[in-house]
Amino acid sequence: DQQVKQNSPSLSVQEGRISILNCDYTNSMFDYFLWYKKYPAEGPTFLISISSIKDKNEDGRFTVFLNKSAKHLSLHIVPSQPGDSAVYFCAASGTTDSWGKLQFGAGTQVVVTP
Amino acid sequence: EAQVTQNPRYLITVTGKKLTVTCSQNMNHEYMSWYRQDPGLGLRQIYYSMNVEVTDKGDVPEGYKVSRKEKRNFPLILESPSPNQTSLYFCASSSMGEGYGYTFGSGTRLTVV
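From first to last, the protein sequence lines stand for chains A and B. End of the first sequence sits at 101 in this note's numbering; the numbers just go up one at a time, nothing left out. End of the second sequence sits at 100 in this note's numbering; the numbers just go up one at a time, nothing left out.
Right, dumping it as structure tokens:
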């Protein structure tokens, strides 16, 4: 049973606008969350992370928001650029003993149009 | 250059013929892991290792073996491959802590016929 869910398989956004990707999780033991970006024929690339003690983390154009009570996180990309066209994966794990057991969602394909 | 190197990139094999996919990292990371990617299912963890001689099952360990005899290497072994193990495989490594995430290799495309 998938504990990390990305319910939107695809997202199309215009260049310069905001991209919002959503992710839900079911395991209340998760307390570390990450977003990855993947281009075809390459391995996933780590983008940004957030721990459960925070509700927001920002890195340049990327901001991750965490709502623990709703078991929901989102990734905002502002402004969106053509190079952002990729598959984005949400991932989650516990800490200490279960840190390495990182579970991924199914991914969201983002297409940024001119 | 800091990287995770896995070999081979592409492999076609026959059912039942044992194979090993190698993985090596040069970042002195404690954690290493194997994932498989299948359409619509995202990345599913096969096994992971917290350090030398310490491994644990992920979500889909059946049909796979791993070993961690040295910190830098984490090979994936398929003792008797079957067609349902046809997939794209990724090795990854990481240190632990906030701000860290797995660094992935470029992938191995395995086809079992």
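Cβ atoms here follow ideal geometry from the backbone N, Cα and C, with glycine treated the same way.
For the beta strand (DSSP E) that residue 14(B) lies in, which residues bound it at each end?
Here residue 14(B) corresponds to residue number 27 of the second sequence, with the count starting at 1. From DSSP, residue 14(B) is part of no beta strand (DSSP E); its letter is neither H nor E.
With a threshold of 8 Å, are at least 3 pairs of Cβ atoms found where one atom belongs to the segment 1 to 13 of chain B and the other to the segment 28 to 41 of chain B?
Touching, no.
For residue 40(A), report the span of its beta strand (DSSP E) as first-last.
Residue 40(A) sits at position 53 when you count from the first residue of the first sequence. Here residue 40(A) belongs to no beta strand (DSSP E), and DSSP marks it neither H nor E.
Any idea what DSSP makes of residue 71(A), helix, strand or coil?
As a working note, residue 71(A) is residue 84 in the first sequence. Helix at residue 71(A).
Could you say if the segment -11 to -2 of chain A and the segment 45 to 57 of chain A meet the contact criterion of at least three C-beta pairs nearer than 8 Å?
Judged by Cβ distances under 8 Å, the segment -11 to -2 of chain A makes no contact with the segment 45 to 57 of chain A, as fewer than three pairs qualify.
DSSP puts residue 76(B) in a beta bridge; with which residues?
Against the second sequence, residue 76(B) aligns to sequence position 89. Answer by DSSP bridge pairing, in chain order: 23(B), 95(B).
Quick check on the DSSP output: the beta strand (DSSP E) that includes residue 18(A) runs from which residue to which?
In the first sequence, counting from the first residue as 1, residue 18(A) sits at position 31. That residue, residue 18(A), is in no beta strand (DSSP E); it is neither H nor E in DSSP.
Three-state secondary structure (DSSP) at residue 36(B)?
For the purposes of this step, residue 36(B) is taken as the residue at position 49 of the second sequence. Looking at residue 36(B) - three-state DSSP - the assignment turns out to be strand.
How should residue 2(B) be labelled, buried or exposed, when 16 other C-beta atoms within 10 angstroms of its C-beta is the threshold for buried?
Along the second sequence, one-based indexing puts residue 2(B) at 15. Residue 2(B) should be labelled exposed.
Could you tell me which residues DSSP puts in a beta bridge with residue 29(B)?
Residue mapping note: residue 29(B) aligns to position 42 of the second sequence, counting from 1. Bridge partners of residue 29(B): 25(B).
So which residues on chain B does residue 2(A) lean against when the C-beta distance must stay under 9 Å?
Residue mapping note: residue 2(A) aligns to position 15 of the first sequence, counting from 1. Under the 9 Å cutoff, chain B gives no residues; its nearest Cβ is about 27 Å from residue 2(A).
Given a limit of 8 Å on CB to CB distance, which residues of the segment 53 to 84 of chain B reach chain A?
Under the 8 Å Cβ criterion, the segment 53 to 84 of chain B contributes 77, 79, 81, 83.
Does residue 9(B) have its Cβ less than 8 Å from a Cβ in chain A?
The count along the second sequence starts at 1 and reaches residue 9(B) at position 22. No, residue 9(B) does not count as interfacial toward chain A.
Using DSSP with H/G/I as helix, E/B as strand and the rest coil, what is residue 67(B)?
The residue given as residue 67(B) occupies position 80 in the second sequence. Residue 67(B) falls in the coil class under three-state DSSP.
Is it the case that the segment 83 to 97 of chain A contacts the segment 60 to 74 of chain B, given that we only count it when at least three CB pairs across the two stretches are under 8 Å?
Flag = no, the segment 60 to 74 of chain B and the segment 83 to 97 of chain A do not touch.
Taking buried to mean at least 16 other C-beta atoms within 10 Å of its own C-beta, is residue 6(A) buried or exposed?
Taking the first sequence and counting its residues from 1, one reaches residue 6(A) at position 19. By the neighbour-count rule (16 or more Cβ atoms within 10 Å), residue 6(A) is buried.
Is it buried or exposed, residue 99(B), if we count other Cβ atoms within 10 angstroms and call 16 or more buried?
Here residue 99(B) refers to the residue found at position 112 of the second sequence. With 16 or more other Cβ atoms within 10 Å, it is buried.
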